[in-house]
Each structure stands twice: as C-alpha cells, then as structure tokens.
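Read through the structure below, which is laid out as structure tokens, and then see the notes.
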Amino acid sequence: GPHPGPCRSVRRRAMHDPAPDQVFGGSSGASHQAEATTLMLRNIPRNLTPWSLLAELELLTPRATIDLLYLPRNGEKTSNLGYAFVNYVHPSFAAEARAAIQGESPSPSVMAKRIRVRDAYVQGLRAIVLQCAN
737 GPHPGPCRSV RRRAMHDPAP DQVFGGSSGA SHQAEATTLM LRNIPRNLTP WSLLAELELL
797 TPRATIDLLY LPRNGEKTSN LGYAFVNYVH PSFAAEARAA IQGESPSPSV MAKRIRVRDA
857 YVQGLRAIVL QCAN
C-alpha cells in the first residue's frame, strides 16, 4: 500500500529557502505534463492527517494506483499546510486521477472546499523522497 509520506515536513536550511509549495510547486492546471505522475492538491482541510486524506482520495480514485502521499505539516503543530502531493504509479493513473479529483469534494462534511489539482514541479517518487531528505 502507499506510504503516508516520506517526511512530516520539509526542513528549510534558512529563512530565505523556498517553502514546500514553492519547491514542489505546480504547473498551471491548463498545461499538463504528458508523463506527469505527481499531482499537487490544494484546499486540503488543515486538520486532515495523511491517512484521512488517503481515505478521501480513495472515494475518487483507486488506492492501489497511489504509491506516495505527502501532506506537509505546519512545523511541530498537528495541522497540515492545506496542500498535498500524490504520486501515482503510472502517468495514465495520474491523468485519470486529475480528471476525477479536480473540483471535487469527496465528503462535504470532511472537505468543505473543492480540491484544486495541478501537476507538481517535482515529479516522481524518488525525486520527492530526495527533496524531503534535504
């Protein structure tokens, strides 16, 4: 099954280093990378854990197609930063997930806002894990 995330937070070496959303970023929703496997999701409720977000995504896309979910945390606090990165095992699964998730709110009682999806700048399981390790 998917790992809930390679790291709890992206550690920054200095105050001027980019925040996780700037590092992983995302291309505009209009232009999709043909081989993209990693999606950036926005409008994630800050109280969700990686496991609860995975349960929400499972309502829209098969869990077996996800091999990593990274939900950056707010330092030592229990809240997340409102966005997540999901890596799919194949570009076709990422494309299907993008279409299925974009603008959705799987459980309105859990996710009040609609999810916004775009391709992440950092693509692939290995690249995300390496980025988190630094």
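Mapping of the sequence shown onto the numbering used here: position 20 corresponds to residue 756, and the numbering continues sequentially without gaps. Even glycine gets a Cβ: it sits at the ideal position worked out from N, Cα and C.
- In the three-state scheme derived from DSSP, where H, G and I count as helix and E and B as strand, Ile-837 is classed as helix.
- Within the region 770-852, the complete alpha helix (DSSP H) runs of at least 4 residues fall at 786-794, 827-837.
- Distance from Asp-855 to Leu-790 at the Cβ level is roughly 20 Å; contact not present, criterion being Cβ atoms closer than 8 Å.
- Contact check for Asn-823 and Asp-803: beta-carbon distance about 6 Å, within the 8 Å limit, so the pair qualifies.
- Leaving aside the five residues that flank Gly-839 on each side, the residues in its chain whose CB is nearer than 6 Å to its CB run, in chain order, Arg-850.
- Annotation for Ser-845: no residue places its beta carbon closer than 6 Å to its own, counting only its chain and skipping 5 residues before and after.
- Apart from sequence neighbours up to five positions away, the residues of its chain that approach Ala-836 with a beta-carbon distance below 7 Å are Leu-796, Thr-797, ordered along the chain.
- For the set Thr-773, Pro-781, Pro-842, Tyr-857, the Cα lying nearest the Cα of Leu-807 is the one of Pro-781.
- The beta carbon of Ser-843 sits closer than 8 Å to the beta carbons of Glu-792, Leu-795 from its chain, once the five residues preceding and following it are set aside; these are given in chain order.
- With at least 16 other beta carbons inside 10 angstroms of its own, Ala-820 counts as buried.
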